[in-house]
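Working notes, structure below.
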């Protein structure tokens, strides 16, 4: 049976995981 | 200095990784669109270490009956495991030819030995999930290099990109990409030791500057 996954947003990930790097 | 600061274990270092679409503009020039790209870096001891991610937060994104991320990490070595978050650059090119999609990847052996490696790409969701390639080391400038040069993308990936491109909104693409992962596993063909394992996750880029990424060390605290 399919197991419902926890959305990525609700996981303990670094803040940078959601921040697209700016070109330097 | 690259250990802990770039994608490198004590045995193997990734120098470059890219997936691109190439189309002839005229008989002598090509338009090249990089979907994802990790360029060469030369970290020094003064650079900070990569941020870490607890591997248990992403185990379920890389499942496998045998050889999934959890099993591979438990086997070790733990310094060979990385997570890459890619912001994929959407293409304005209109691909017609299947043979215009390529993947390139360069590694070198940190040990002075000529190993032969297996590089497998475990795509999720896809059945069967594995694409496997065997690479032989070449001695160049005092190092054993592995150069995966203009390797054609598998048909599943090409179809996936085509379908993704046809979604009208970015949030729809990201919703599909949230359930799409690739696990790249480089193993020594003879000893079966894991030399490097990179877990890739994706989001669509909102930048005008091309494909971006963050690299993390995978740890279990």
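Protein chains in written order, with this note's numbering: chain A, 35 to 58; chain B, 1316 to 1536.
Note that CB positions come from ideal geometry on N, CA and C, so glycine has one too.
Where does residue 1481(B) fall in DSSP's three states? Here residue 1481(B) sits in coil by DSSP.
Who are the near neighbours of residue 1527(B) in its chain, counting only those whose CB is closer than 7 Å to its CB and skipping five residues on each side? Sequence-distant Cβ neighbours of residue 1527(B) in its own chain, meaning closer than 7 Å and more than five residues away, are 1402, 1520.
So, is the C-beta of residue 35(A) closer than 8 Å to a C-beta in chain B? Note that residue 35(A) scores a pLDDT of 41, beneath 50, so its modelled location is shaky and nothing firm can be said.
Taking all protein chains shown into account, do 16 or more other C-beta atoms lie within 10 angstroms of the C-beta of residue 1334(B), making it buried, or fewer, making it exposed? buried
Helix, strand or coil for residue 50(A) per DSSP? helix
Compute the Euclidean distance between the alpha carbons of residue 35(A) and residue 1453(B), then round it to the nearest angstrom. For residue 35(A), the predicted model reports a pLDDT of 41, less than 50, meaning its position is unreliable and no value from the coordinates is stated.
Residue 1372(B) - DSSP class collapsed to helix/strand/coil: helix
If you follow the beta strand (DSSP E) that residue 1389(B) is part of, which residue opens it and which one closes it? Note, residue 1389(B): premise wrong, no beta strand (DSSP E); alpha helix (DSSP H) at 1384-1390.
Chain-order list of residues whose beta-carbon lies under 7 Å from that of residue 1502(B) (same chain, five-residue window excluded): Closer than 7 Å at Cβ, skipping near neighbours: 1432, 1433, 1508, 1509, 1510.
Kindly indicate the opening and closing residues of the beta strand (DSSP E) around residue 1400(B). 1396-1403
Excluding five sequence neighbours on each side, which residues of the same chain lie with their C-beta closer than 8 Å to the C-beta of residue 48(A)? none
Quick one: grab the DSSP three-state call for residue 1333(B). strand
To the nearest angstrom, how far is the alpha carbon of residue 1456(B) from that of residue 1421(B)? In a straight line, the C-alpha of residue 1456(B) is about 14 Å away from that of residue 1421(B).
Would you list, in sequence order, the uninterrupted alpha helix (DSSP H) runs of no fewer than 4 residues that lie entirely inside the stretch 1484-1524 of chain B? 1485-1492
The stretch 1484-1511 of chain B: which residues have C-beta closer than 7 Å to a C-beta of chain A, in chain order? Within the stretch 1484-1511 of chain B, the residues whose Cβ lies closer than 7 Å to any Cβ of chain A are, in chain order, 1493.
Determine, for residue 1351(B), whether the minimum Cβ-Cβ distance to residues of chain A falls below 8 Å. no
Helix, strand or coil for residue 1367(B) per DSSP? strand
Please classify residue 1488(B): is it buried, with 16 or more other beta-carbons within 10 angstroms of its beta-carbon, or exposed? The residue in question, residue 1488(B), is buried, as its Cβ has 16 or more Cβ neighbours within 10 Å.
Can you tell me where the beta strand (DSSP E) with residue 1347(B) in it begins and where it stops? 1344-1353
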